[in-house]
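Participant:
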Amino acid sequence: MTQTECKVIRASDINPRFKYEIKLHGAEKLMRCFQCGTCTSDCPIARYSESYRPRQIIRMAQLGLEDRILDSDTLWLCASCFTCTDRCPQGVEVASVIRVLRNLAAEKGHIPQVFKEQFSSILESGYAYKIPELRVKRRETLGLPPLPKGNPESIRKTLRGLKPEKLFEKSGGD
Ligand code: SF4
Ligand code: SF4
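Residue numbers (the working numbering): 5 to 178.
#1: By the three-class DSSP mapping on this structure, what secondary structure does Phe38 have?
#2: Closest to Tyr131 by CA distance: which of Pro152, Lys112 and Gln94 is it?
#3: If you draw a straight line from the alpha carbon of Gln60 to that of Val118, how long is it in whole angstroms?
#4: Tell me the rounded alpha-carbon separation between Ile115 and Pro150.
#5: Taking the CB atoms as reference points, tell me whether Leu81 and Lys112 lie closer together than 8 Å.
#6: Note down the Cα distance separating Cys88 from Ala50, rounded to an integer number of angstroms.
#7: Kindly indicate which residue of Gln94, Leu79 and Cys85 has the alpha-carbon position closest to the one of Ile102.
#8: Which one of Arg106, Pro136 and Asn19 has the shortest CA to CA distance from Ala4?
#9: Around the Cβ of Ser158, are there at least 16 other Cβ atoms within 10 angstroms (buried) or fewer (exposed)?
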């Protein structure tokens, strides 16, 4: 479901504790939002997406529509540019709210497949994407220096305490 689709809100859809959970994770100013729409009008992603609207995400978070937000792939479109945070007249840290929501979604195992693949690739090779052999050869032909070797071991060490593999277990590969 996209965020712009109209859907009836039932009492059972609302988790009244959700806003407190978000605030506890560092997005204290969530409730200051008065829905002016500045964040959406200045967001570079909203300009090119019909479904991505930071103002809606903030409102849904205020209302406690936990599952609707955390299950939505559009949450992951944010480029973390912080324009919304800089421009919000109410001082709402919109980008931080979205970061918190993504972390909560990840905890529940809701991570889009493309990010899982990138993550696996980083753990495996140190690169977010597998570099095709053809491209490596083309560099040689053009006399370009070889690409630096990735250091997946160091990345794995950095992430050791986070147990990233748990995220994949929970998601069930969706
Ligand atoms: S700019 Fe701030 S106050 Fe306006 S809708 Fe976005 S979060 Fe709410
Ligand atoms: S941080 Fe995300 S929501 Fe905010 S303006 Fe940038 S892309 Fe849009």
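All residues carry an ideal CB built from backbone N, CA and C; glycine is no exception. Treat the numbers as computed from the prediction; the structure is a model and nothing was measured.
Facilitator: For this structure:
#1: Counting from 1 along the sequence shown, the entry for residue 38 is found at position 34. When secondary structure is reduced to three states using DSSP, Phe38 falls in the coil class, being assigned neither helix nor strand.
#2: The sequence position of residue 131 within the sequence shown is 127, counting from 1. Considering only alpha carbons, the answer is Pro152.
#3: Position 56 of the sequence shown, counted from the start, is the residue given in the question as residue 60. Position 114 of the sequence shown, counted from the start, is the residue given in the question as residue 118. Cα to Cα, the separation comes out at about 24 Å.
#4: The sequence position of residue 115 within the sequence shown is 111, counting from 1. The sequence position of residue 150 within the sequence shown is 146, counting from 1. Distance between the alpha carbons of Ile115 and Pro150 is about 33 Å.
#5: Residue numbering aside, residue 81 sits at position 77 when the sequence shown is read from its first letter. Residue numbering aside, residue 112 sits at position 108 when the sequence shown is read from its first letter. No, these two residues do not count as a Cβ contact at 8 Å.
#6: If you number the sequence shown from 1, residue 88 lands on position 84. If you number the sequence shown from 1, residue 50 lands on position 46. Approximately 11 Å, taken between the alpha carbons.
#7: For this step, residue 102 is matched to residue 98 along the sequence shown. For Ile102, the nearest C-alpha among the options comes from Leu79.
#8: As displayed, the chain neither begins before 5 nor continues past 178, which places residue 4 out of reach and without an answer.
#9: Here the question's residue 158 lines up with position 154 in the sequence shown. Its Cβ having fewer than 16 others within 10 Å, Ser158 is exposed.
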